[in-house]
Amino acid sequence: MKHQFTLPAFPESNFELDIAFWTGKQIIYKDNVAVERSTEKGKPFLIPDSNGEIVKAYSKPAYPDIVPVMVIDNNKYNIVEKLKWYEAILVIFPFSIVFIGGGALGGLIGAVGYI
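Per our numbering, the very first residue in the sequence shown carries number 2; after that it's consecutive.
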């Protein structure tokens with residue numbers, strides 16, 4: 002999955018987060034150039050700013066969302082917009098029907114189809 006975003010600390014740069022589907026490996030691109038990742042604890046991305054200094058950006062999970070948030074200087078930045086409450090209900094509704102009345106609903110549809 003690829004997600005394009007901007008960060009307030011880098012107003013003139015465009016970022017892209019690429020998350021591998023099977024492994025979950027993350028790669029960040031700043032203006033189409035891959036950003037280096039540190040080996041220290043938390044494995045932050047080392048993003049160079051316009052002054053030549055390195056800014057550490059940590060990718061943290063944001064449950065229940067599947068797209069992580071970026072943490073820079075203890076400030077969280079959402080990469081994608083969070084779901085509205087009604088969008089979350091529309092996503093959960095089909096799954097709840099299966100668990101609440103899945104057998105009865107399937108039986109009813111089967112009975113009506115048989116007639």
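A virtual CB, placed ideally from N, CA and C, is assigned to each residue, including glycine.
Predicted model, so just to flag it, every value in this text is computed and none were measured.
Within 10 angstroms of the Cβ of I29, are there 16 or more other Cβ atoms? Answer buried if so, exposed if not. Classification for I29: buried.
Going along the chain, which residues of its own chain have a beta-carbon closer than 8 Å to the beta-carbon of T7, five neighbours each way excluded? Same-chain partners within the cutoff: S14, N15 and F16.
Just verifying my parser: in three-state terms, what is the DSSP assignment at Y87? helix
Buried/exposed call for I67, threshold 16 Cβ in 10 Å: exposed
Quick check on this structure: which residue in P9, K31 and M2 has the alpha carbon closest to the alpha carbon of T24? M2
Measuring straight from C-alpha to C-alpha, what distance separates A92 and S60? What sits at residue 92 in the sequence shown is Val, not Ala. A direct Cα-Cα distance of roughly 25 Å separates V92 from S60.
For K44, which residues from the same chain have a beta carbon less than 7 Å from its beta carbon, with the 5 sequence-adjacent residues on both sides left out? R38
Beta-carbon proximity list for V36, same chain, < 6 Å, skipping 5 on both sides: I29, F46 and I48
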